[in-house]
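Novice: In my numbering, the protein residues as written are 794 to 1081.
All C-beta atoms, glycine included, are put in the ideal place defined by N, C-alpha and C.
#1: Return the CA-CA distance between residue 1026 and residue 807, expressed in angstroms with no decimal places.
#2: Can you list the beta strand (DSSP E) stretches of 3 or more residues lying completely in the segment 975-1034, in chain order?
#3: Do residue 966 and residue 928 have their C-beta atoms closer together than 7 Å?
#4: Please classify residue 1082: is it buried, with 16 or more other beta-carbons within 10 angstroms of its beta-carbon, or exposed?
#5: Rounded to a whole number of angstroms, what is the C-alpha to C-alpha distance between residue 1013 and residue 981?
#6: Measuring CB atoms only, is the segment 995-1005 touching the segment 960-980, in the sense that at least three cross pairs come out at less than 8 Å?
#7: In whole angstroms, what is the alpha-carbon distance linking residue 916 and residue 896?
#8: Are residue 844 and residue 803 close, meaning C-beta to C-beta below 7 Å?
#9: At the level of alpha carbons, what is the spacing between residue 797 and residue 945?
#10: For the beta strand (DSSP E) containing residue 838, list its first residue and its last residue.
#11: Does the distance from the C-beta atom of residue 847 to that of residue 869 stay below 7 Å?
#12: Cα separation between residue 863 and residue 856?
#13: Is residue 969 closer than 7 Å to residue 1034 when the C-beta atoms are compared?
#14: Assuming residue 859 is part of the alpha helix (DSSP H), what are its boundary residues?
#15: Using a Cβ-Cβ cut-off of 7 Å (strictly less than) and excluding sequence neighbours within five positions of residue 957, which residues of its own chain qualify?
#16: Tell me, please, which residues DSSP counts as bridged to residue 822.
#17: Between which two residues does the beta strand (DSSP E) carrying residue 884 extend?
#18: Determine whether the beta carbon atoms of residue 891 and residue 977 lie at a separation below 7 Å.
#19: Look at the alpha carbon of residue 905 and the alpha carbon of residue 1079, and state the distance between them as a whole number of angstroms.
#20: What does a CB cutoff of less than 6 Å around residue 951 pick up in its chain, not counting 5 residues either side in sequence?
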């Protein structure tokens, strides 16, 4: 299959990009890495009249770690850069580690963080990590700029809070404490496939040796990445040990209804979620 006819634009600045969106009506799509959009266009699942290529906008390719340790990641940052950039690995090792699980190197060389978040596949790794890290997503339109918390950004399968003619500019991830315990694991049918289930976990320990804060996030189990708040509640103010982690894993599926499809049943995803929560928590503690 080949895509339907479309007009191709190649702006060099954010302002020019937003002008393109404003001038060409509602049927405009932004092209980032093209790893999802181009196949959709080839199968004519997506048939935009205007395709605005973002690959010439250097402003969207920047990475900055500010004085407070917050990471500012431009929307056109390649997934491979997140994996290999030493500054990212130091500032947020969970992000760097999870990125290794995304598809294959060829895909990571082209795919971008902004494209993945805007596409919002519920089994994709980056949306889950962004949620686990309490990140903010920055959006800009011809008339306004705004930020959206990751917990409010993902709204369903391939659905986000991005409004018509808005462009995802960057992601800001809060500073990551050096002493934080973290891990990411996923189960897929084969290496490089989308995760059937994936879990990202992290927790902080206070001076008394108890867990002071924690996040447990799953991908592949719902129509969007989800915090497993039942598991998080079981970790709060507890000693980090195998008994605590076992209780957290048993509570992982409370409040969520795993999805089912041709690859895995809801029951299977429920069981795997529990196992991965336990394993990530134990691995996080051992890593420390």
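Specialist: Let me spell this out:
#1: 42 Å
#2: 988-998, 1004-1012
#3: yes
#4: Residue coverage of the chain in this structure runs from 794 to 1081, which leaves residue 1082 outside it and unanswerable.
#5: 10 Å
#6: yes
#7: 12 Å
#8: no
#9: 33 Å
#10: It is not in any beta strand (DSSP E) - residue 838 carries neither H nor E in the DSSP assignment.
#11: yes
#12: 11 Å
#13: no
#14: No alpha helix (DSSP H) contains residue 859, which DSSP labels as neither H nor E.
#15: 819
#16: 844
#17: It is not in any beta strand (DSSP E) - residue 884 instead sits in the alpha helix (DSSP H) that spans 879-884.
#18: yes
#19: 31 Å
#20: 913
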